[in-house]
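Residue numbers (the working numbering), protein chains in the order written: chain F, 8 to 295; chain D, 19 to 268.
Below, the structure is given as structure tokens:
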């Protein structure tokens, strides 16, 4: 087959089409710009024309308070990050474990399968805040001397891991079930055992496929680490609360909120990137 | 061409039945295949070709009958299915290759994890096969970068590399574009020289006539007619066979 050569000079018709597209593109950009400007102006004037705006802007958007409260909020955010790292590791481990337990077919594993199923149903239904209370105040209440005094952030991490493992287990299970049955059959007919088929063929593909929804759950987890403050851990939210009390001004909450958003943006972008990358390989393995 | 060893059948099937609820897919099939033989399984869609292959590979539970592999009853209750499948390779219509593994790793996976070969041994075998089918330069590519024909050829050598006692090919060309069918058939023809024992369900009648030693025509779940390939196609005995062959020729 001979390679097709690029055309040296586009035809008259093509040139006029290109010119038309160029104009249309410029027009679209201009319209988008004006529309955005008008929209922002409408929101802005709508806001400042409210009767309480001057009071709200003073108590929520006060620059000196923001600057003064930043160090403590930032320090708290470091605790949130530490909790996040451990929770993500724990959630990945237990989520995958629960998902795999649910796929076991051997009758000897029946109790484990049942446990996984009940666990997932239970913790997907139970509000996270109640899990936090139960773990945060229940475990210390057991007065297990050998455990010593457990810091609030550790208890918070445990509670977050317990709840999120249930969600992530369902994501992993969906991934496992989405792998085409032929892949499993192909592995089995090569003589691979059930366990090896799972470990070497099904799971690696399933995990890749569910990476985007998994990242979504981790974005949610990333902001929910702020809830450990209700157990008394001095994180960003609790830090902000202390500053709010000190200055009698709500601005530190806004500061903490913005920091959480800033923290989420890289994760969200990263999730988008891997989704796009995975989509390009979606057709792999098919001969069609 | 390696000679066929007629002393002892590699596979023996007696009275194989498969039914779901009230639908009978296989209604008592007898079959014998000898080492080195290539058997073509033909018949219209729904005649039970695929089901038969899946029963032999123990993917489907059979409803009645018996199957022996080299004299050992593999349909007996409590048989180690993994052990049987280590000796019987199977390639499907599509989605055969593992999408997350390179072509080389697709072939070495079972060599390493089933046969316990070292990485170096497995890769030597795999590269030998890839070289043979002209895909050595694709060893590090992933399946999505290969054409359908290249994927199917890789799937076939992945099964053959394990030296199976029996290779089952389930319509391996049906999902391919017509211009890619030829290269896959060429590989099967090539395998004949290596003495691999093959049962292939196929719609490629001229290929079956060319390469198969024996042709089995399944119709509505039973063997309607079987015979030496040349004789079968030039001189079919049963009315059903004649009808099927003329229908496909048209």
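Each residue gets a CB set at the ideal place from its N, CA and C atoms; glycine is no exception.
Asked, Found
"Buried or exposed by the 16-neighbour rule on C-beta atoms within 10 Å, applied to residue 216 of chain D", "buried"
"Interface partners of residue 7 of chain F on chain D, CB under 9 Å", "A question about residue 7 of chain F goes unanswered here, because the residues of chain F that appear run from 8 up to 295."
"Within-8 Å CB hit, residue 95 of chain D to chain F", "no"
"Where residue 132 of chain D meets chain F, residues with beta-carbon distance less than 9 Å", "197, 198, 199, 200 and 203"
"Below-8 Å beta-carbon distance, residue 247 of chain D vs any chain F residue", "no"
"Per-residue burial, residue 294 of chain F [other beta carbons within 10 Å of its own, 16 or more giving buried]", "Unreliable placement is indicated for residue 294 of chain F, whose pLDDT of 37 sits below 50; the coordinate value is still reported in the next sentence. Classification of residue 294 of chain F: buried, given that the 10 Å Cβ count is 16 or more."
"Residue 32 of chain F - containing alpha helix (DSSP H), residue span", "19–55"
"CB contact flag (residue 83 of chain D, residue 35 of chain D, <8 Å)", "yes"
"Straight-line Cα distance separating residue 44 of chain F from residue 259 of chain F", "29 Å"
"For residue 140 of chain D, the nearest candidate out of D:123, D:153 and D:108 (CA to CA)", "D:123"
"Secondary structure of residue 269 of chain D, DSSP reduced to three states", "Only positions 19 to 268 of chain D appear in the structure, and residue 269 of chain D is not among them; the question remains open."
"Beta carbon proximity, residue 230 of chain D to chain F, threshold 8 Å", "no"
"When F:215, F:257, F:209 and F:237 are compared against residue 280 of chain F, the one with the closest alpha-carbon", "F:215"
"Where residue 75 of chain D meets chain F, residues with beta-carbon distance less than 9 Å", "192, 195 and 196"
"Test item: CB-CB of residue 186 of chain D and residue 107 of chain D under 8 Å", "yes"
"Residue-chain proximity (residue 6 of chain F, chain D), Cβ-Cβ < 8 Å", "Summary: the structure shown does not reach residue 6 of chain F, with chain F confined to residues 8 through 295, and so no result is reported for it."
"Euclidean distance between Cα positions of residue 180 of chain D and residue 171 of chain D", "15 Å"
"Beta carbon proximity, residue 118 of chain D to chain F, threshold 8 Å", "yes"
"Opening and closing residue of the beta strand (DSSP E) in which residue 237 of chain D lies", "232–237"
"8 Å Cβ cutoff, residue 104 of chain D in contact with chain F", "yes"
"Rounded Cβ spacing between residue 80 of chain F and residue 105 of chain F (contact assumed at less than 8 Å)", "In fact, because the Cβ distance is near 35 Å, the residues do not count as touching under 8 Å."
"Beta carbon proximity, residue 50 of chain F to chain D, threshold 8 Å", "no"
"Through-space distance from residue 100 of chain F to residue 43 of chain D, alpha-carbon basis", "44 Å"
"According to DSSP, residues forming a beta bridge with residue 106 of chain D", "D:184"
"Span separating the alpha-carbon of residue 291 of chain F from that of residue 175 of chain D", "For residue 291 of chain F, the pLDDT reaches just 47, beneath the cut-off of 50, and the residue's location in the model is therefore unreliable, leaving the point undetermined."
"Interface flag, residue 253 of chain D vs chain F, CB-CB below 8 Å", "no"
"Residue 227 of chain F versus residue 188 of chain F: straight-line alpha-carbon distance, rounded", "32 Å"
"Beta-carbon contacts of residue 108 of chain F that lie in its chain and below 8 Å, excluding the five residues immediately before and after", "116, 119, 120, 122 and 123"
"Of the listed residues F:263, F:46, F:230 and F:256, nearest to residue 245 of chain F (C-alpha basis)", "F:263"
"Residue 189 of chain F: contacting residues in chain D (beta-carbon distance under 9 Å)", "110, 111, 112, 113 and 114"
"Entirely enclosed alpha helix (DSSP H) segments - the stretch 171–233 of chain F, minimum 4 residues", "188–196 and 210–231"
"Within-8 Å CB hit, residue 178 of chain F to chain D", "no"
"Interfacial residues, the stretch 207–232 of chain F to chain D, with Cβ spacing under 8 Å", "207, 208, 211, 212 and 215"
"Chain A within 8 Å of residue 200 of chain D, Cβ atoms only", "The structure shown has no chain A; the protein chains it does contain are F and D."
"Residue 107 of chain D at chain F interface by Cβ criterion, 8 Å", "yes"
"Proximal chain F residues relative to residue 128 of chain D, where beta-carbon distance stays under 7 Å", "197, 198 and 199"
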